[in-house]
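There are 2 protein chains.
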Amino acid sequence: MRRITIADIAREAGVSTGAVSYALNGRPGVSEETRARVVAVANQLGWEPSSAARSLSGAPTQTVGLVLARHPSTLGVESFYMQFIAGIESEFAPRSYALLLQVVPDLEAELETYRRWRAARRVDGVVLVDPRQDDPRIEVLSRPDALPAVVVGDSSLAGDLPNVWTDDAAAVRESVRYLYAAGHRRIARVGGLQELGHTHIRDVAFREEVESLGIEGPLERTDYTTGSGADATRRLLTSVDRPTAVVYDNDVMALAAMGVAAELGVRVPEDLSIIAWDDSPLCQATYPPLSALSHDVTSFGAHVARRLFDRIDGVRGGSFLDSTPTLRPRGTTSPVRA
Amino acid sequence: MRRITIADIAREAGVSTGAVSYALNGRPGVSEETRARVVAVANQLGWEPSSAARSLSGAPTQTVGLVLARHPSTLGVESFYMQFIAGIESEFAPRSYALLLQVVPDLEAELETYRRWRAARRVDGVVLVDPRQDDPRIEVLSRPDALPAVVVGDSSLAGDLPNVWTDDAAAVRESVRYLYAAGHRRIARVGGLQELGHTHIRDVAFREEVESLGIEGPLERTDYTTGSGADATRRLLTSVDRPTAVVYDNDVMALAAMGVAAELGVRVPEDLSIIAWDDSPLCQATYPPLSALSHDVTSFGAHVARRLFDRIDGVRGGSFLDSTPTLRPRGTTSPVRA
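Those sequence lines, one after another, are chains H and P. Numbered according to the numbering used here, the first sequence terminates at residue 321, and the numbering increases by one at each position without gaps. Numbered according to the numbering used here, the second sequence terminates at residue 321, and the numbering increases by one at each position without gaps.
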């Protein structure tokens, strides 16, 4: 069946297309009699308003945008984003919203995407992820005419935009103190991309905690891939004063670390304790199961979607703590051997 | 800056909004002099056509739709979809396209999404994934007025729609014959969701191959999660005639199987050979690294996007073999012990 247009309704009802538009949009300019006739004809023909037409009249696009400025090769490695997106989508069904997703190589391309989306009115709002120190996106999205946005990240990174965050600093401190209490005195951190704001927050919390405890805390840098996690682990385990415990910035690097330990004959957890971040089903599938800093990423995504709907509805600002990741000790952590 | 509308241009140029619309859309109905004046004013004011306006005039939405009818809890587990989406997106940048993503609970909701997208002209075409036997979506998307679609799956499942496929049957046969050549005579398959067409194709190829070789081939059913993969592995490893080799339908179930084997003291690969599907970075991060059926999922996604653009451009039908997954033996397969 061909799509029913306003012209079809106008012809059938014997009025102008302008009159049909007025009638169907509930605007003044046509008599009640004409409005009733137009609506009856529209229903009879099976007409439906298109999002394009509603968008032109300033109505919602029923679309939320998400730009991921990550290389395709690293996107598929972690389960974080798919779980996060599934969470966002879980809030969409009641509102008939959909997610417009764009994967771009860098921040410049991300800003260009926002510019195009805004000019073409393609989305009602955007979810900004991976905020950085002095992030140019925050400035752009803070302008009075910008797309409504919610920042996924710490309040210190979000400017005046509303943000939903997890208390990563508290989680880092808890994991270091837990390992210290179990007798560990050489605790390493294998962190993610340095330019990301949450990496910096975790780095600082880690440094402060090991310094306050007066212990050694080497830090290794990665790009979240299994390969970079394995490399960092090899460097740590072959160093002169090798750590007895390592905290990783995601799940797949912790998994890779178990492989490197096995390859070197380092026993987990007897010789080496391992803690993963972003607890995932993977962490419970390894042997022994991975101790992890756990938070519900799907529920986090849903929370972000609700705050963005608030923002789209005109609510301003606000900083919302979603959760503090909780340490779930499983089989890869143990007291240090006497 | 407020968005420039056709009304602004009309006011500035001293003509009706209708005349502006005719002039900017290159349609007859205004003099060349008026057209020139309108275009000059539009440029001066910094006007840009909105996708909404272009959509109303039948121009492309520059959007491709993807509906995933999967439970959020299973979506984040596998890396397949994020890699596949990253591949689709890799073809978008040159065309300024974006992906409209919707996660829905079931096929009925997926069909309703297509209906809404079509009625509201929200996408230029859709990528249909996880085709089933007698799939109602194929019939709906085969109607003359349906959204352009490309099926990701076997030709036998795609009706007359264009499809991009991987030769899963050949890959299953190769893995069974490889294990047979290494002396295995009890080879099990741990398969995914029964209702998915590619599961059926793999099941049939597996049954035919083990029958033609005259060996035992138990089949276990899962929902792709690590938990269901672990459960299936426990059933197999505690059965009276336990298999000496198992082929899994994804990577994370194979990983979970390594955990179950360790938990039971079954050595991999000495006592049990394991083959994963959808080779991923995970497969190379385990110890020993997982033998896997390998194909490039990101490149597969890119291929699908190119075929959908062809379809949107009016190319009809066509069945395109993307690749045959290749067996990459690593550390989890070995000859059966004498």
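We put the CB at the ideal spot given by N, CA and C, even for glycine. No experiment lies behind these values; they were computed from the predicted model shown.
Going by the CB atoms, is the gap between residue 273 of chain P and residue 314 of chain P shorter than 9 Å? Taking the C-beta atoms as reference points, residue 273 of chain P is found nearer than 9 Å to residue 314 of chain P.
Practice problem: Look at residue 310 of chain P and residue 276 of chain P and say whether their C-beta atoms are less than 9 Å apart. | Solution: Result yes, Cβ atoms of residue 310 of chain P and residue 276 of chain P sit closer than 9 Å.
**Prompt:** Do residue 306 of chain P and residue 149 of chain P come within 9 Å of each other at the CB atom, strictly closer than that value?
**Reply:** yes
- Item | Extent of the continuous alpha helix (DSSP H) run through residue 196 of chain H | 180 to 196
Subject >> Contacts of residue 73 of chain H in chain P (Cβ-Cβ under 8 Å) >> reply: 55, 86
Would residue 308 of chain P pass as a contact of residue 154 of chain P if the rule is Cβ separation under 9 Å? yes
* DSSP state of residue 164 of chain H, grouped into three classes? -> Residue 164 of chain H: helix per DSSP, three-state reduction.
Residue 47 of chain P, DSSP secondary structure in three states:
Residue 47 of chain P: strand per DSSP, three-state reduction.
Please tell me whether residue 121 of chain H and residue 287 of chain H are closer than 9 Å, where the distance is taken between their beta carbons. no
- Query: Among H/126, H/98, H/172, which residue has its Cα nearest to the Cα of residue 236 of chain H?
  - Reply: H/172
Requested in this report: Kindly indicate which three-state DSSP category residue 311 of chain P falls into: helix, strand or coil?
Outcome: strand
Let me check understanding here. Comparing Cα to Cα, which of H/196, H/217, H/167 lies closest to residue 244 of chain H? H/217
Self-check item: Distance, residue 139 of chain P Cα to residue 111 of chain P Cα
Solution: 14 Å
Quiz item: Between the segment -5 to 5 of chain P and the segment 181 to 194 of chain H, do three or more beta carbon pairs fall short of 8 Å?
Solution: no
Margin query: According to DSSP, is residue -8 of chain H part of a helix, a strand, or is it coil?
Written below: Judged by DSSP in its simplified three-state form, residue -8 of chain H adopts helix.
Among P/210, P/246, P/225, P/285, the one whose alpha carbon lies nearest that of residue 61 of chain P
P/210
Point to revise | Residues that residue 108 of chain P contacts on chain H, provided the C-beta gap is smaller than 7 Å | key: Counting only Cβ-Cβ distances below 7 Å, residue 108 of chain P has no contacts in chain H at all, with the closest Cβ about 15 Å away.
Practice prompt. Just the C-alpha distance for residue 152 of chain P and residue 192 of chain P, rounded to the nearest angstrom, thanks.
Written response: 10 Å
**Report entry** Under 9 Å between C-beta atoms of residue 79 of chain P and residue 99 of chain H
**Finding:** yes
Exercise for the section: Helix, strand or coil for residue 80 of chain P, going by three-state DSSP, please let me know. Expected result: coil
(request) Keeping to the same chain, check which residues put their C-beta closer than 7 Å to that of residue 300 of chain H; ignore five residues upstream and five downstream. (result) 143, 145
Can a CB atom of chain H be found closer than 9 Å to the CB of residue 175 of chain P? no
Q: Within its chain, find whatever has a CB closer than 6 Å to the CB of residue 255 of chain H; leave out the 5 residues flanking it on each side and keep chain order.
A: 244, 249
Notebook entry, point to check: If we cut at 9 Å on Cβ distances, does residue 35 of chain H have a partner in chain P?
Noted result: In this prediction, residue 35 of chain H scores a pLDDT of 45, lower than 50, which makes its location untrustworthy; the coordinate-derived value is nonetheless stated afterwards. So yes, residue 35 of chain H belongs to the interface.
Looking at C-alpha atoms only, which residue of P/188, P/125, P/141, P/135 is the closest neighbour of residue 333 of chain P? As shown, chain P starts at -16 and ends at 321. That puts residue 333 of chain P outside it, with no answer to give.
* Ignore the nearest five residues each way along the sequence and tell me which others in residue 45 of chain P's own chain have a CB closer than 6 Å to its CB. => 79, 80
Exercise for the section: Output, in sequence order along the chain, the residues in the segment 244 to 276 of chain H whose CB is closer than 9 Å to any CB in chain P. Expected result: Taking 9 Å as the Cβ-Cβ cut-off, the segment 244 to 276 of chain H approaches chain P at 244, 245, 246, 263, 264, 265, 267, 268, 269, 270, 271, 272, given in chain order.
Tell me the DSSP bridge mates of residue 303 of chain P? P/147
For residue 34 of chain P, collect the residues of the same chain with a Cβ closer than 7 Å to its Cβ; drop the 5 residues on either side in sequence, then sort them by chain order.
With a pLDDT of 45 at residue 34 of chain P, under the threshold of 50, the modelled position of that residue is not reliable, and no figure is offered here.
Coarse secondary structure for residue 18 of chain P, derived from DSSP in three states: helix
Q. Who are the neighbours of residue 323 of chain P on chain H, taking C-beta pairs under 8 Å?
A. The question about residue 323 of chain P has no answer, for chain P in this structure spans -16 to 321.
Compile a chain-ordered list of the residues in the segment 130 to 155 of chain P whose CB is closer than 9 Å to at least one CB of chain H. Taking 9 Å as the Cβ-Cβ cut-off, the segment 130 to 155 of chain P has no residue approaching chain H.
request  = Let me know the secondary structure DSSP gives residue 56 of chain P once reduced to three states.
outcome  = helix
#### Entry: Terminal residues of the beta strand (DSSP E) in which residue 173 of chain P lies
170 to 174
- Message: On the CB-based measure, 16 or more other CB atoms within 10 Å of its CB, does residue 232 of chain P come out buried or exposed?
- Response: buried
- Task: Compare the C-beta of residue 105 of chain P against all C-beta atoms of chain H and say whether one is closer than 9 Å.
- Result: yes
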